[in-house]
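Have a look at the structure below before the remarks.
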Amino acid sequence: MFEFSDNLKKLPPYLFAAIDDKKAELTEKGKKFLDLSVGDPDIPAPERVVKALSKSAQIKSNQKYASNAGKVQMRQAIKKWMKERFKVSLDQTSEILPVLGTKEAIAHLPIGIVNRGDYILIPSPGYPGYRSTAVLAGARIYQMPLLEKNGFLPDFGKVPDSVKKRAKIIYLNYPNNPTTVEAPLSFMEEAVKFCRKNNILLVWDNAYSEIYFNKKPLSILQVKGAKEVALELHSFSKTFCMTGFRIGWVCGNKEVVKVLAKVKSNVDSGIFRAVQDAAIEALSKESGYVAGLRKIFLQRRKILLESLKQAGFKDLYAEATFYIWAKIPPQFKSSFDFSKYLIEKEGIVATPGVGFGKYGEGFIRFALTVDEKKLKGIFKKTF
Ligand SMILES: Cc1ncc(COP(=O)(O)O)c(C=O)c1O
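Position in the sequence shown counted from 1, then plus 82, gives you our numbering.
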């Protein structure tokens, strides 16, 4: 009956739908399965954060529209955290903007930046939100391959001149979902240089900055000259297991912060003040929660890596984040086939690499989002 938009029609097929159907089918049949596909930790948010939310929600004035700029105390708490964690100085009024989760910022940013025919450069494999929101904004997509042989870092030298000329945004995400790797400072410097030279907005997605085991991840804003071209994304979802709260922030280049604020003032009406109070509590009274979280993931990672090695998996990546990125056994044709096999024969749900873009083919992602007891010796067969 209705004719829908061309951009909508261009959205990539929702590969995860087949996995969701399979999960639904198994549930209907009463079959048990281990779900390692979702990036949503099973661990509750800090108790004091939930208390702050509930206390604040009872205050009548907090139940009204919130300002788009976010509470002053919220921006202050972010400023202080960025200074303490990364030694990055930010102006809380012009260089910080709270958002309804980083996904929301990713969706709204291109609307204020790209025109038809402009390119957005996305990592492949990469978080699927970069691609779909770029398509919805009418941008052209250039996929930067993250290859194993390059340490899952893109090669800027391979971006064609014709793409560089019309490139408006480049997304980079380290610690990386799904490959788990961190970026060295030298790469971050190279990225800033590339974006300054080509006038491209560098969006550095730091959603997993606190989920590390060895090296503490950096902020792109630590790189000299980064504020000229970069916007960094942060999320409460992974750091404080607050995925359902829907809150994060962007910080960096003030012109871009202003543009995003303008777009947002036309599409949403601020973040529920009680959620902001919960986030302020999370940031300002960090009392070992995140360190405890890292310990839990470290233990799960150890157990799942053992299970995978016992089952014969060879190339495994688990540097940071709460994922393991594994090469599929050679006898399987595709990551999708292997994920189907895992569901049907092993009762394990994992995400096929191709779901993150074509260069994710040949890999599968396991999320460490279930209790360690469930991760021991999970494979019946060796591959
Ligand atoms: C790399 C990356 N960026 C952004 C997001 C979105 O997070 P948020 O809950 O802050 O919207 C995710 C969620 O999985 C992610 O993996």
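Just so it is clear, CB atoms sit at the ideal spot from N, CA and C, and this is done for glycine as well.
How far does the beta strand (DSSP E) with residue i in it extend, from its first residue to its last?
{"i": "Met156", "result": "Unbroken run through Met156 is the alpha helix (DSSP H), 154 to 168; no beta strand (DSSP E)."}
{"i": "Gln174", "result": "Careful: Gln174 lies outside any beta strand (DSSP E) and carries neither H nor E."}
{"i": "Val452", "result": "From DSSP, Val452 is part of no beta strand (DSSP E); its letter is neither H nor E."}
{"i": "Lys409", "result": "405 to 409"}
{"i": "Ala312", "result": "312 to 317"}
{"i": "Tyr224", "result": "222 to 227"}
{"i": "Asp287", "result": "283 to 287"}
{"i": "Val332", "result": "330 to 334"}
Measuring from the CB of residue i, is there a heavy atom of ligand 1 at a distance below 7 Å?
{"i": "Ser206", "result": "no"}
{"i": "Lys169", "result": "no"}
{"i": "Asp350", "result": "no"}
{"i": "Ser214", "result": "no"}
{"i": "Lys185", "result": "yes"}
{"i": "Tyr209", "result": "yes"}
{"i": "Thr325", "result": "yes"}
{"i": "Asn259", "result": "yes"}
{"i": "Asp287", "result": "yes"}
{"i": "Gly77", "result": "As displayed, the chain neither begins before 83 nor continues past 465, which places residue 77 out of reach and without an answer."}
{"i": "Ser301", "result": "no"}
{"i": "Asn89", "result": "no"}
{"i": "Gly330", "result": "yes"}
{"i": "Ser319", "result": "yes"}
{"i": "Gly121", "result": "yes"}
{"i": "Asn255", "result": "yes"}
Terminal residues of the continuous alpha helix (DSSP H) containing residue i?
{"i": "Met270", "result": "267 to 280"}
{"i": "Leu254", "result": "Element bounds for Leu254: not the alpha helix (DSSP H) but the beta strand (DSSP E), 249 to 255."}
{"i": "Leu375", "result": "371 to 392"}
{"i": "Val196", "result": "That residue, Val196, is in no alpha helix (DSSP H); it is neither H nor E in DSSP."}
{"i": "Asp102", "result": "98 to 110"}
{"i": "Glu129", "result": "129 to 139"}
{"i": "Gln358", "result": "355 to 366"}
{"i": "Asn419", "result": "Here residue 419 turns out to be Asp, not Asn, going by the sequence shown. Unbroken alpha helix (DSSP H) run through Asp419: 417 to 423."}
{"i": "Lys91", "result": "88 to 91"}
{"i": "Thr325", "result": "First-last for Thr325: undefined, no H or E at that position."}
{"i": "Thr262", "result": "Premise fails: Thr262 is in no alpha helix (DSSP H) and is neither H nor E."}
{"i": "Val217", "result": "210 to 218"}
By Cβ distance, which residues of its chain are closer than 7 Å to residue i, with the 5 residues on each side in sequence left out?
{"i": "Ile101", "result": "Ser119, Ser421, Val431"}
{"i": "Thr325", "result": "Asp122, Ser319"}
{"i": "Ala265", "result": "Leu235, Tyr256"}
{"i": "Lys456", "result": "Leu116"}
{"i": "Tyr212", "result": "Ile188, Ile204, Tyr253"}
{"i": "Arg278", "result": "Gly307, Glu310, Val311"}
{"i": "Lys114", "result": "Gly429"}
{"i": "Ile378", "result": "Ile125"}
Drop a sphere of 10 angstroms on the beta-carbon of residue i, count the other beta-carbons inside from all chains shown, and report buried for 16 or more, exposed for fewer.
{"i": "Val181", "result": "buried"}
{"i": "Asn348", "result": "exposed"}
{"i": "Asp453", "result": "exposed"}
{"i": "Phe86", "result": "exposed"}
{"i": "Phe296", "result": "First, the residue type needs correcting, since residue 296 is Asn and not Phe in the sequence shown. Per the 10 Å Cβ criterion, exposed."}
{"i": "Arg383", "result": "buried"}
{"i": "Gln140", "result": "exposed"}
{"i": "Tyr147", "result": "exposed"}
{"i": "Gly352", "result": "buried"}
{"i": "Lys369", "result": "Note that residue 369 corresponds to Ser in the displayed sequence, not to Lys. By the 10 Å Cβ count, Ser369 comes out exposed."}
{"i": "Tyr224", "result": "buried"}
{"i": "Met270", "result": "buried"}
{"i": "Asn258", "result": "buried"}
{"i": "Arg198", "result": "exposed"}
{"i": "Phe168", "result": "buried"}
{"i": "Leu228", "result": "buried"}
{"i": "Ser136", "result": "exposed"}
{"i": "Asp359", "result": "buried"}
I'd like the list of long-range same chain contacts for residue i, defined as Cβ closer than 6 Å, with 5 residues on each side in sequence excluded.
{"i": "Ser366", "result": "Ala159"}
{"i": "Cys323", "result": "Pro123, Ile125, Ala127"}
{"i": "His316", "result": "Asn288, Gly330, Trp331"}
{"i": "Met164", "result": "Val170, Leu172"}
{"i": "Gln155", "result": "Ile362"}
{"i": "Thr184", "result": "Ala289, Leu315, Ser317, Gly330"}
{"i": "Tyr371", "result": "Pro128"}
With residue i and residue j assumed to form a contact (beta carbons below 8 Å), what rounded beta-carbon distance in angstroms separates them?
{"i": "Thr261", "j": "Glu292", "result": "Going by Cβ atoms, the distance from Thr261 to Glu292 rounds to 18 Å, so no, they are not a contact pair."}
{"i": "Val305", "j": "Val274", "result": "5 Å"}
{"i": "Leu303", "j": "Ile252", "result": "That pair is no contact at about 16 Å."}
{"i": "Arg248", "j": "Tyr294", "result": "The pair is not a contact, with the Cβ atoms about 35 Å apart (cut-off 8 Å)."}
{"i": "Val339", "j": "Val332", "result": "6 Å"}
{"i": "Ala408", "j": "Phe461", "result": "Not really, about 12 Å apart at Cβ, beyond 8 Å."}
{"i": "Pro207", "j": "Gly435", "result": "6 Å"}
{"i": "Lys298", "j": "Ser389", "result": "At roughly 28 Å, the Cβ-Cβ gap does not stay under 8 Å, so Lys298 and Ser389 are not in contact."}
Whose C-beta lies closer than 8 Å to the C-beta of residue i among residues of the same chain, with five residues either side of it excluded?
{"i": "Leu93", "result": "Ser214, Val217, Leu218"}
{"i": "Arg376", "result": "Glu292, Ile293, Tyr294, Phe295"}
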